[in-house]
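First comes the structure, then the notes that go with it.
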Amino acid sequence: MSEGTFKTLALIFYLVTDKSSILLIEEPEVCVHHGLLNSIVELLDIYSKDKQIIISTHSDAVLDKLRIDNVFKVKRTNEKGTEVSSIKRNMKHIELKALKNYLLNDGSLGEYWKHGDLENV
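First residue of the sequence shown? That's 688 in my numbering, and the numbers climb one at a time after it.
Quick look at the structure:
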């Protein structure tokens, strides 16, 4: 069994059987076929109705499947320690308008992030 298949089956097992109210998933994109990743993120969205699911990712493909309301930026600085901020709430009105325009006309949230446009938010 491939590592990607094992990881996918383990994730599904935990989604279905784990009764805790929170699930943390680190980089679900690692070792998983890109086509299957879309289905995994959709499955996570379905199960997020019953439990809080926190995903850490560096994948534009994962970001493409998420709503901007559900995207948070985590960064660590020596001065303040670890900071968690809502991408949507931290955007100025003009930045949010530019993002919405980009999503409607040009591309996806993952592409927007890949181009560095969420760096300063």
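Quick reminder that beta carbons are idealized off the backbone N, C-alpha and C, glycines included.
message: With H, G and I counted as helix, E and B as strand and the rest as coil, what does DSSP make of S662?
response: In this structure the chain extends from 688 to 808, so residue 662 is not present and cannot be described.
field: Span separating the alpha-carbon of I709 from that of K775
entry: 22 Å
- request: Please classify K694: does DSSP put it in a helix, a strand, or coil?
  value: helix
- request: Label L731 either buried or exposed according to how many other C-beta atoms from any shown protein chain fall within 10 Å of its C-beta, with 16 as the threshold for buried.
  value: buried
- prompt: So what's G768 in DSSP terms, helix, strand or just coil?
  reply: strand
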